[in-house]
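> Numbering (this note's numbering), first residue to last: 1017 to 1265.
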Amino acid sequence: MRDLKFYVIGLLILVANQNSIAQGDKKVGLAFTVSPSASWLAPTNTGYSSEGSRAGIKYGLLMDFRLFGDDNYSLASGFTMNHLGGKLSEPTYVTNSNGNVIAARNMSTYKLTYIDVPFAIRLKTNEIGYNIFYGLFGTELGFNVNAKKEYNTSYSGTTNATVTEDVSGDVNLFRTSMIFGAGIERNISGDAYYRIGITYHNGLNNIMKGKAYAVDGNGNTIVENNEAQEDKDLSTKLKFIELNLAIVF
């Protein structure tokens, strides 16, 4: 959690610095956001494949710190709770009643919750026909606070009932991504604006822990000497796109 402390301290310093400059001159814009999203997992291990996206939601507080004394440039940050995930087909194994290890496959849905802290540059136009257009580019750090997996296991023509497990120990604490976005703002009244935009988050790091299972040419787990064979480390990235809805004050 040391990195989270650094992020918090950095934000507090920014707020204090902005508030100390020129009373009555607005330096920080606050926004409350609710952003629906679609996220998916992108594995690179042989035999592992993405099987679809998962709908999610993000909500929390965003902050725009004005840069260079110009409303057209700002550092965008904040704290949000983000519910993400995706579906994977994964090789695995089961042990039958005779103690024999049998190749199997999981159809899994991951449900992941993060506290996200973005650091991005927001570039705005001047007002054009009552609208302000913006572009967003930067990075984001996510801290995993909950991870669950719903899955069923198939083998030898049999499919087991769906099981739900806590897999926090199998998910890395930190997630990083590059973010690219665009949208519009429009005045409601006084200093209040509504914001609508779209942002794409391209995962940069592996979010999974542990080893992948080795598979044969048909994608089945390789079993030798009654043991499932392991391959290299798991490698899976998290990507998502979101519809940004916010009220800016």
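Heads up, the beta-carbon is just placed ideally off N, CA and C, and yes, glycines get one too.
From the DSSP secondary-structure annotation, give me the bridge partner or partners of glycine 1072.
According to DSSP, which records beta bridges pairwise, glycine 1072 is partnered with Ser1053.
> Kindly identify the DSSP beta-bridge partner or partners of valine 1231.
Valine 1231 pairs with Thr1237.
> Using the Cα positions of glutamate 1243 and glutamate 1258, report the straight-line distance between them to the nearest angstrom.
Going by the C-alpha atoms only, they are around 42 Å apart.
> Within the chosen definition, does the stretch 1158 to 1170 reach the stretch 1203 to 1215 through at least 3 CB pairs nearer than 8 Å?
Contact fails: fewer than three Cβ-Cβ distances are below 8 Å.
> Our contact map puts alanine 1228 next to glycine 1213 with C-beta atoms below 8 Å; I'd like the distance itself, whole angstroms only.
With 8 Å as the limit, alanine 1228 and glycine 1213 do not qualify as a contact, their Cβ atoms being about 37 Å apart.
> Short of 6 Å in beta carbon distance, which residues of its chain neighbour alanine 1262, apart from the five on each side in sequence? Order them along the chain.
Closer than 6 Å at the Cβ level, and outside the excluded window around alanine 1262, lie Ala1047, Thr1049, Arg1211.
> Does DSSP classify glycine 1226 as helix, strand or coil?
Here glycine 1226 sits in coil by DSSP.
> Whole-angstrom Cβ separation of isoleucine 1200 and alanine 1136, contact assumed at under 8 Å?
Wrong, their Cβ atoms sit about 17 Å apart, outside the cutoff.
> Could you spell out the range, first to last residue, of the beta strand (DSSP E) harbouring glutamate 1156?
Note, glutamate 1156: beta strand (DSSP E), 1147 to 1171.
> Check for me: the beta strand (DSSP E) holding valine 1264 runs from which residue to which?
Here the beta strand (DSSP E) through valine 1264 covers 1252 to 1264.
> Would you decide whether alanine 1071 is buried or exposed? Buried here means 16 or more other CB atoms lie within 10 Å of its CB.
Label assigned to alanine 1071: exposed.
> I need the straight-line Cα distance from serine 1096 to tyrosine 1130, nearest angstrom please.
Note that residue 1096 corresponds to threonine in the displayed sequence, not to serine. Near 8 Å, if we compare the C-alpha coordinates of tyrosine 1130 and threonine 1096.
> Suppose you measure from the CA of aspartate 1249 to the CA of glycine 1068; what does that come to, to the nearest Å?
Cα to Cα, aspartate 1249 sits roughly 22 Å from glycine 1068.
> So what's aspartate 1249 in DSSP terms, helix, strand or just coil?
Three-state result, aspartate 1249: strand.
> Does DSSP put aspartate 1186 in a helix, in a strand, or in coil?
Aspartate 1186: helix per DSSP, three-state reduction.
> Once you ignore the five residues that flank asparagine 1260 on each side, which residues in its own chain have a CB closer than 8 Å to its CB?
Around asparagine 1260: Thr1049, Ser1051, Gly1197, Gly1199, Arg1211, Ile1212, Gly1213, Ile1214, Thr1215.
> Starting from isoleucine 1137 and walking both ways along the beta strand (DSSP E), at which residues does that stretch end?
Taken as a continuous stretch (DSSP letters only), the beta strand (DSSP E) holding isoleucine 1137 covers 1117 to 1140.
> Hey, is the stretch 1052 to 1068 in contact with the stretch 1098 to 1115, meaning 3+ C-beta pairs nearer than 8 Å?
Taking 8 Å as the limit for Cβ pairs, the verdict is that the stretch 1098 to 1115 does touch the stretch 1052 to 1068.
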